Structures are given as C-alpha cells and as structure tokens.
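Undergrad: One rule links them: number in our numbering = place in the sequence shown (from 1) + 739. All residues carry an ideal CB built from backbone N, CA and C; glycine is no exception. None of the values given here were measured: they were computed from a predicted structure.
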Amino acid sequence: MLPRLKRRADFKHVAGGVRWAAPGLVLQARTDLSPPDGPRVGFTASRKVGGAVQRNRAKRRLRVLADDLIARCGRPGIAYVLIARGTTPDRDFALLRADLEEALSRVHRRLDRDPARDPAPARPD
C-alpha cells in the first residue's frame, strides 16, 4: 500500500501541479513537499460522482489501480491525486486501468518537458 496524502494542504499543493483528464479519472501530480521513499497518493470524489455509495465505490476502484500502477510506475518524490469522475464507478475496469496508464504517461512527460510548471515552493513554517 502506498503512503497516502491526508492533509488538505497536501491536496491543494498537488492541485497547483500538472494534470491530465481521462474519461474515467483526472490525475494531478506535483513534486512532494516532504518526499518519502516513494510516491504518495490521494483520492477524492465529489458529490458529482453520486451518493456516498457511488463515491466510495469510485475511490475503492481508484485505490486498487493506484496500489498496482502507481506503485510500479510512480516516481519517488512525486505526489499524485486521483479524482473520480461521474463515469468512474461503472466504467469497465480494463478501461479505467488504461485511463490511468495514459494519464501517468502524460503527466510524467509534462513534468520532464517543463520542470518550471512544477514549482514546489518551500513549506511555510
């Protein structure tokens, strides 16, 4: 299991980084303020996804994908946030996996191509 983002400040920090929207999810990534040994990941699902049952189902599906794909393909020192979309709870799991693979590839390319897009300021005291 990957280390999780839990604090609102961490989610807000990652929101200022790069993102890629796929049909089943949105992936945000940014250099982590306090990098652990590997990548950290957070999950969110707004009420646009549905009721509590649908939101929890969407986050469970994203957690399973992240524990597999981000654990293998994620970069140390990068924080990722996976945002569920309205299609996430019912989307075919293979398509959801393909969405995350594509999003990871695109986000990593953007981070490599333009590091200036990822300004990670020092953490305020």
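With H, G and I counted as helix, E and B as strand and the rest as coil, what does DSSP make of A768?
TA: Here the question's residue 768 lines up with position 29 in the sequence shown. DSSP places A768 in strand when its eight states are reduced to three.
Undergrad: Using DSSP bridges, identify the partner residues of G781.
TA: Mapped onto the sequence shown, residue 781 falls at position 42. Under DSSP, G781 forms a beta bridge with V820.
Undergrad: With distance defined between alpha-carbon atoms, name the residue in V753, G763, Q793, R747 nearest to E840.
TA: Indexing the sequence shown from 1 puts residue 840 at position 101. Checking every option, the nearest Cα to that of E840 belongs to G763.
Undergrad: Leaving out five residues before and five after T783 in sequence, what residues of the same chain have Cβ atoms less than 6 Å from its Cβ?
TA: Taking the sequence shown and counting its residues from 1, one reaches residue 783 at position 44. Within the same chain, T783 has close Cβ partners I822.
Undergrad: Since T827 and R800 should fall inside the 8 Å C-beta cutoff, what is the C-beta to C-beta distance between them, to a whole number of angstroms?
TA: Taking the first residue of the sequence shown as position 1, residue 827 is located at position 88. Taking the first residue of the sequence shown as position 1, residue 800 is located at position 61. T827 to R800, Cβ: 6 Å. Contact.
Undergrad: Among the candidates R758, G755, G789, whose CA atom is the shortest distance from the CA of R824?
TA: Mapped onto the sequence shown, residue 824 falls at position 85. If we check each option's Cα against that of R824, G789 comes out closest.
Undergrad: With DSSP as the reference, please indicate the residues paired to V757 in a beta bridge.
TA: Start at 1 with the first residue of the sequence shown, and residue 757 comes out as number 18. The partner list for V757 (beta bridge, DSSP) reads A768.
Undergrad: Leaving out five residues before and five after L835 in sequence, what residues of the same chain have Cβ atoms less than 6 Å from its Cβ?
TA: By one-based count along the sequence shown, residue 835 stands at place 96. Excluding sequence neighbours, L835 sits near G763.
Undergrad: Report the option in R845, A768, R769, R830 whose CA atom is closest to the CA atom of Q793.
TA: By one-based count along the sequence shown, residue 793 stands at place 54. Considering only alpha carbons, the answer is R830.
Undergrad: To the nearest angstrom, how far is the alpha carbon of A761 from that of V820?
TA: Within the sequence shown, residue 761 is the residue found at index 22, counting from 1. Within the sequence shown, residue 820 is the residue found at index 81, counting from 1. In a straight line, the C-alpha of A761 is about 13 Å away from that of V820.
Undergrad: Checking 8 Å against the spacing of the C-beta atoms, do G756 and R769 come in under that value?
TA: Residue numbering aside, residue 756 sits at position 17 when the sequence shown is read from its first letter. Residue numbering aside, residue 769 sits at position 30 when the sequence shown is read from its first letter. Yes, these two residues count as a Cβ contact at 8 Å.
Undergrad: Which one of D838, L808, R747, H847 has the shortest CA to CA distance from I817?
TA: Numbered from its first residue, the sequence shown carries residue 817 at position 78. Checked all of D838, L808, R747, H847; the closest Cα to I817 is H847.
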